[in-house]
Amino acid sequence: MPVAKAGSSSDSRVIAHVDLDCFYVQVEQRKRPELRGVPAAVVQYNSWKGGGLIAVSYEARAYGVTRSMRGDEAKAICPNIHLVQVPVARGKADLSTYREAGSEVVSILARRGRCERASIDEVYLDLTDAAEALLAEYPPGQLEKKPIDEEALNSHISGLNSMGDDHNQRVKEWISRGDADRRDKLLACGVLIVTDLRKQVLQDTQFTCSAGIAHNKMLAKLASGMHKPAQQTVVPQSAVKEFLELLPIKKMKQLGGKLGNQLQNELGIRTVGDLSKYTEQKLQEKFGMNNGTWLWNIARGINGEEVESRLLPKSHGSGKRFPGPQSLRIVQSVEHWINKLSEDLCERLNSDLEQNKRIAQTLTLHATAFISNGTDSTKKFPSKSCPLRYGQFKVQEDAMTLFRSGLREYLGFFGVNAFGNKQNEWRITTLSLSASKIVCIPSGTSSILKYFTEDSDITASIKPTEESERDGGSKLTEVKTLIQEQDACVLDDNLGTRALENTGEAAPIQRMPTILRFFSPGDAPFPIKKQGCFKSLHFSGAPSSSGLPQLNQRGDGAIKRSACANSGSRAEKHLRADEWKYDVDEIDHSVIDELPPEIQEEVRDWLHPRSRQVKQRKGIAAYFLPKPS
Ligand code: TTP
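Residue numbers for the sequence shown follow my numbering, beginning at 24 and rising by one.
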């Protein structure tokens with residue numbers, strides 16, 4: 024859902040969007056230089072009809088080869104094309120080389136301004152400060168004296184009719200105009216800075232990229248795709264209207280899906296020019312206040328969205344497609360692949376934790392499915408989320424619970440019993456797991472890391488081994504859908520409640536307090552003192568007869584504080600596999616200060632309920648207690 028943010032036509036920021044050209048192909052070309060300058064494409068891990076193309080070199084595009092083709096089809100129109108298979112691990116595409124190559128580029132681009140990694144091969148830069156500084160070096164009348172790099176003169180300036188022989192001369196004049204307004208001068212500085220950055224990227228990584236430079240993210244992104252490969256395009260404020268006029272609305276971010284269809288079907292709007300004819304009030308009446316204002320703004324090229332400072336991905340994902348006859352038909356096959364995906368995801372979570380001290384908080388399962396004899400193909404398999412517990416086996420277990428819940432709901436649309444006789448009617452055609460809501464562990468935190476890395480269960484499972492609803496999430500093919508390092512998740516935060524309502528089976532992972540995501544059965548949560556009487560905190564989640572976890576049998580709250588006289592703290596940990604027990608007096612309180620703030624508060628509520636006067640039915644117990652009717 025778009026958010027109408029304050030924006031203004033007097034925006035004088037300098038924003039760039041940098042996008043690598045035919046990215047996966049370039050990564051393969053760097054490994055095998057003989058692929059340079061010839062038609063080439065990267066194909067998916069699936070040899071059916073030569074595999075699906077996911078990246079196509081510009082030389083191959085000249086023959087009419089496109090991403091949607093299969094290898095055999097590409098060979099038919101371009102017999103000398105080189106097809107390179109995407110690297111493979113665990114029976115699925117392994118994108119780590121591409122991710123690492125993307126990171127190399129990000130680290131170069133981040134040198135001149137605030138940098139937001141938008142996907143595996145795209146970056147936004149806020150170059151306002153750098154442009155201001157450059158402009159300050161060249162006071163009025165001086166910019167024209169600055170020697171201009173030849174590459175900068177190849178830039179495309181929107182609104183400047185200069186496609187002839189005098190192109191470079193016209194660009195040179197535009198860049199160095201002494202009488203330009205300040206905003207154009209800042210953009211001219213942006214042109215010079217982005218040229219430098221692109222040259223640096225080429226020199227250090229051998230990759231070419233294209234860029235758009237404008238006063239906001241939306242225009243910069245649209246501009247970067249205008250002239251590819253290895254070129255850059257600028258959109259000065261005076262050219263915005265003309266730049267947008269004939270642009271199909273489907274090309275606008277967030278208009279590729281439902282809202283775009285609605286605009287086309289209900290109002291006959293095809294281009295941004297068409298959209299700009301509607302008043303803000305009219306659009307608000309039709310699409311609501313927020314959407315209406317947002318639409319009115321984008322039709323005028325107004326977009327106040329900030330470039331976030333983020334060099335690392337916003338989420339991690341791992342997925343696989345099972346087209347046609349490969350579709351999954353039984354729970355055991357799904358479990359097999361969920362285990363593989365969990366392994367892959369955990370490896371990446373673990374490396375993010377080790378290298379960047381970041382933890383992900385939400386696990387989401389996405390799938391696509393169909394009913395083999397179903398007539399209603401519009402029903403989507405619901406995406407399901409839960410708090411993420413670290414450790415491969417926990418991720419596997421939680422992902423299976425999410426899958427079962429999603430399947431039950433999906434089959435419910437068709438009146439089919441999930442696990443009854445007709446279970447073979449469903450087919451799963453894609454499965455993916457993503458880890459999102461990634462936060463940094465506060466600096467100085469060390470103890471909590473121990474529990475991720477030293478615990479034998481977790482170490483064994485993680486150590487050795489590692490998303491955008493663009494166009495409404497419908498068009499992306501295999502890998503990109505699964506690895507887009509943006510939030511592609513449709514989170515369903517009501518899973519726990521729904522599972523209870525629909526099936527009578529509770530999903531306690533959904534109700535689990537934050538801290539339990541870290542410390543689940545069997546993990547020692549805090550440094551243990553050797554001796555002494557102690558009170559304990561006791562959590563339980565006994566399995567139901569169906570094998571799914573559920574709240575404790577009494578249903579009256581899974582947390583209890585109890586006093587015990589026992590110095591054998593390790594022995595105290597011999598609880599049922601589904602129970603958690605923490606000894607209050609054995610907890611080293613200094614460790615609590617090192618936990619993320621929201622967790623600190625939660626833990627303190629456990630430890631000092633009297634001093635904090637935990638309100639009835641608020642706090643942790645409320646996660647477990649039934650809601651008042
Ligand atoms: P894009 O930036 O969309 O495309 P590209 O870099 O291949 O080509 P262009 O020069 O036109 O920008 O995607 C980046 C990489 O993501 C691409 O090289 C391969 C991968 N990808 C997929 O695996 N599946 C997809 O559907 C898309 C769109 C991309």
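The beta carbon of each residue, even a glycine, is placed where N, CA and C say it ideally should be.
Source: prediction; values computed, not measured.
Take the Cβ of ILE582 as the centre, count every other Cβ of all protein chains shown within 10 Å, and call the residue buried at 16 or more, exposed below.
Only weak support is given to the placement of ILE582: the predicted model assigns it a pLDDT of 34, under 50, and the value that follows is read from those uncertain coordinates. The residue is buried, with at least 16 neighbouring Cβ atoms inside 10 Å.
Per DSSP, PHE393 is paired with what?
According to DSSP, PHE393 bridges with ARG450.
Once the 5 residues before and after ILE104 are set aside, which same chain residues still bring their CB inside 7 Å of it?
Here the set comprises PRO62, ALA63, ALA64, ALA83, VAL88, ALA97, LYS98.
Tell me where the alpha helix (DSSP H) around THR120 begins and ends.
Taken as a continuous stretch (DSSP letters only), the alpha helix (DSSP H) holding THR120 covers 119-132.
Going by the C-beta, is TYR47 closer than 7 Å to any heavy atom of the ligand TTP?
Within the cutoff, so yes.
Counting along the chain, where does the alpha helix (DSSP H) carrying LEU286 start and finish?
Where LEU286 is concerned, the enclosing alpha helix (DSSP H) stretches over 281-290.
Any heavy atom of the ligand TTP closer than 7 Å to the Cβ of LYS251?
Flag set: Cβ of LYS251 near the ligand TTP.
Report the residue from ILE180, ASP202, GLY201 whose alpha carbon sits nearest the alpha carbon of ARG193.
Residue ILE180 is the option with its Cα nearest to ARG193.
Taking the beta strand (DSSP E) that LEU106 falls in, what are its first and last residues?
Counting along the chain, the beta strand (DSSP E) containing LEU106 begins and ends at 105-108.
From this set, SER374, ASN396, LYS343, which residue's C-alpha is nearest ASP389's C-alpha?
According to the sequence provided, residue 389 is His. The question's Asp does not apply to it. Residue LYS343 is the option with its Cα nearest to HIS389.
Select from ARG221, ARG134, GLN229, VAL111 the residue whose C-alpha is nearest the C-alpha of ARG55.
Per the Cα distances, GLN229.
Return yes when the C-beta of ILE104 is under 7 Å from any heavy atom of the ligand TTP, and no when it is not.
Checking the Cβ of ILE104 against the ligand TTP gives no.
Considering only the alpha carbon of each residue, which of ILE451, GLU268, PHE46 lies closest to ALA253?
When each option's Cα is compared against that of ALA253, the closest is PHE46.
Counting only the same chain and skipping the five closest in sequence on each side, list residues whose C-beta sits under 6 Å from that of GLY136.
LEU148, ASP149, LEU150, ALA153, listed in sequence order.
Is the separation between the beta-carbon of ALA124 and that of VAL50 shorter than 8 Å?
Cβ atoms of ALA124 and VAL50: closer than 8 Å.
Let me check you understand the geometry: is the CB of ASP17 closer than 7 Å to at least one non-hydrogen atom of the ligand TTP?
One cannot answer for residue 17 here, as it falls past the ends of the chain, which runs 24 to 652.
By how many angstroms is the C-alpha of LEU210 removed from the C-alpha of ALA422?
Using only the alpha carbons, I get a separation of about 48 Å.
Is LEU76 near the ligand TTP, going by C-beta to nearest heavy atom under 7 Å?
Checking every heavy atom of the ligand TTP against the Cβ of LEU76, none is found closer than 7 Å.
For the ligand TTP, I want to know if ILE143 counts as a neighbour, meaning its beta carbon is within less than 7 Å of at least one of the ligand's heavy atoms.
Checking every heavy atom of the ligand TTP against the Cβ of ILE143, one is found closer than 7 Å.
Would ARG427 be called buried (16 or more neighbouring beta carbons within 10 Å of its own) or exposed?
Buried, because 16 or more other Cβ atoms sit within 10 Å of the Cβ of ARG427.
For VAL258 and LYS244, I'd like the C-alpha separation in whole angstroms.
VAL258 and LYS244: Cα-Cα distance of roughly 11 Å.
For HIS238, does the three-state DSSP call read helix, strand or coil?
It is coil, neither helix nor strand.
Locate the alpha helix (DSSP H) running through TYR161, then write down its first and last residues.
Unbroken run through TYR161: none, as it is neither H nor E.
For my contact list, VAL224 and LEU267 are in at a C-beta cut-off of 8 Å; report their separation, rounded to the angstrom.
Not a contact, Cβ separation roughly 29 Å.
Rounded to the nearest angstrom, what separates LYS418 and SER247 at their Cα positions?
Note on identity: in this sequence residue 418 is Val, with Lys being the wrong assignment. Roughly 39 Å between the two C-alpha positions.
State the Cα-Cα distance for the pair ARG412 and CYS101, rounded to the nearest angstrom.
Rounded to the nearest angstrom, the two C-alpha atoms are 49 Å apart.
DSSP has CYS101 in a bridge; who is on the other side?
DSSP lists no partner for CYS101.
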